[in-house]
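Asker:
Numbering (the working numbering), first residue to last: 23 to 190.
1. Which parts of the segment 90-177 are runs of the alpha helix (DSSP H), unbroken and 4 residues or longer, counting only runs that do not cross its ends?
2. CA-CA distance, residue 112 and residue 133?
3. Using only the alpha-carbon positions, how far apart do residue 116 and residue 190 sit?
4. Taking the C-alpha atoms as reference points, what is the distance between residue 169 and residue 46?
5. Can you tell me whether residue 25 is helix, strand or coil according to DSSP?
6. Determine, using beta carbons only, whether residue 43 and residue 61 come nearer to each other than 8 Å.
7. Would you kindly work out how many angstroms separate the C-alpha atoms of residue 36 and residue 58, rounded to a whole number?
8. Would you mind sorting residue 125 into buried or exposed? The rule is 16 or more other CB atoms within 10 Å of its CB.
9. Among 164, 51, 32 and 30, whose alpha-carbon lies nearest the alpha-carbon of residue 175?
10. For residue 78, count the other beta carbons within 10 Å of its own beta carbon; 16 or more makes it buried, fewer makes it exposed. Which is it?
11. Answer yes or no: do residue 18 and residue 73 have a C-beta to C-beta separation smaller than 8 Å?
12. Taking three-plus beta-carbon pairs below 8 Å as touching, is the segment 139-151 in contact with the segment 85-103?
13. Can you tell me which of the three DSSP states residue 50 falls into?
14. Do residue 164 and residue 23 count as a contact pair if the criterion is CB distance below 8 Å?
15. Under a three-way DSSP split, which group does residue 72 fall into?
16. Among 166, 182, 178 and 157, which has the Cα closest to the Cα of residue 53?
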């Protein structure tokens, strides 16, 4: 997923990861300048917050939701905090919402705690999670000046990656 290339760049500073990220975004319609802005935005998130899971080669196939405890157990726990801090990268947000939707439809038979189930419902694509994502994408658009069509294309790229490598 694209945010993994930003995480690799932040970890080791190899320009090949930046160039690969920029190349991915320009192939889906980003102007180079906007791709660089998006890359800088994600790198800033990764510099502020330690996110070792993005460095895991199995990130795409691994699960955000353990189903034993909520995913957000430390700050930021609320969507307001996540919003304020620009906490999530595009890959994380898309993966989180995609998985929440999957669990909503496929995890009913599991004995889940109320707080885990509430978190899954809160991040569903066809509910509050989708609404949050739209608002988060609009915030990125307004803050960085990146056209909404590009943000949508990047979100779709993340979804296609998940469809192919996690669900496919």
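All residues carry an ideal CB built from backbone N, CA and C; glycine is no exception.
Computed from a predicted structure; not experimentally measured.
Answerer: Straight from the coordinates:
1. 101-107, 112-128, 136-144 and 150-166
2. Distance between the alpha carbons of residue 112 and residue 133 is about 30 Å.
3. 16 Å
4. 16 Å
5. helix
6. Contact flag set, yes.
7. Taking the straight line from one Cα to the other gives about 15 Å.
8. buried
9. 51
10. exposed
11. As shown, the chain starts at 23 and ends at 190. That puts residue 18 outside it, with no answer to give.
12. yes
13. When secondary structure is reduced to three states using DSSP, residue 50 falls in the coil class, being assigned neither helix nor strand.
14. no
15. coil
16. 166
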